[in-house]
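All residue numbers for the sequence shown refer to our numbering, where the first residue is 1023 and numbers rise by one.
Cβ atoms here follow ideal geometry from the backbone N, Cα and C, with glycine treated the same way.
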Amino acid sequence: MSEGPEIQIRNARTADVLRMVELMDPLVSRRILLGKDLVDLYAAVPEFLVAVDPEGNVIGYGAVHVMWEQLGEVRTLGVSEEWLGRGVGHRLLEALEQRAIDLGLKQLFCLTFETSFFERHGFGEVGEDTELVAAEVYAELLRSNDEGVAEFLDLARVKPNTLGNTRMLKHL
């Protein structure tokens, strides 16, 4: 998909999942990322892109999850600590945004502690009173069992899991 002098961004493969978990674990233990069950990660492989170093080792990951006709979520974006500050997250987010555009999405949502990173990429904080979707779409989204949708809707049942995270949105 995207190539540079040091890393390549490509579609994730099932063989990448265990390395992704290995990279996620420190972020999960610090409560920066919510932990995901292996079964859910394997099911979500088509949503993920990975960044690989010149030797082919996975050094970063991120996903775009479609929530509604024109709305998606950037999920589970992370980079190996050894590669932080070298543009890997930036390249992954750009590739995820392009994937979202290719899917026909017009808005991307994220729930994050890394607000300055996402602000630098055009995301803005969602206010408590911001109407994100039309009432009829809201009613349909309420039917979803997806926790990300519940976080987007700011439902009370997910607040204990997301305390301190910021809801952000970007118009593509």
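Using only CA atoms, which one of the options lies nearest to residue i?
| i | options | result |
| --- | --- | --- |
| residue 1099 | 1036, 1137, 1037 | 1137 |
| residue 1139 | 1058, 1076, 1116 | 1116 |
| residue 1124 | 1073, 1057, 1093, 1060 | 1093 |
| residue 1040 | 1030, 1067, 1029 | 1067 |
| residue 1090 | 1104, 1149, 1122, 1106 | 1122 |
| residue 1049 | 1194, 1149, 1134 | 1134 |
| residue 1035 | 1053, 1028, 1057, 1065 | 1065 |
| residue 1033 | 1084, 1142, 1059 | 1084 |
| residue 1076 | 1105, 1061, 1142, 1051 | 1105 |
| residue 1129 | 1149, 1088, 1061 | 1088 |
Pop quiz: residue i and residue j are said to be a contact at Cβ under 8 Å. What is the actual Cβ separation, rounded to whole angstroms?
| i | j | result |
| --- | --- | --- |
| residue 1042 | residue 1063 | 7 Å |
| residue 1110 | residue 1144 | With 8 Å as the limit, residue 1110 and residue 1144 do not qualify as a contact, their Cβ atoms being about 18 Å apart. |
| residue 1190 | residue 1146 | 6 Å |
| residue 1074 | residue 1086 | Actually they are not in contact, since the Cβ atoms of residue 1074 and residue 1086 sit about 18 Å apart, beyond 8 Å. |
Please name the residue or residues paired with residue i in a DSSP beta bridge.
| i | result |
| --- | --- |
| residue 1105 | Bridge partners of residue 1105: none, in fact. |
| residue 1094 | 1088, 1130 |
| residue 1083 | 1072, 1100 |
| residue 1192 | 1130 |
| residue 1147 | 1190 |
For residue i, count neighbouring Cβ atoms within 10 angstroms of its own Cβ and tell me buried if that reaches 16, exposed if not.
| i | result |
| --- | --- |
| residue 1069 | buried |
| residue 1079 | exposed |
| residue 1113 | buried |
| residue 1119 | buried |
| residue 1102 | buried |
| residue 1025 | Since pLDDT at residue 1025 reaches only 44, below the 50 mark, its modelled position is unreliable, and no value is offered. |
| residue 1072 | buried |
| residue 1038 | buried |
| residue 1045 | buried |
| residue 1058 | buried |
| residue 1192 | buried |
| residue 1029 | buried |
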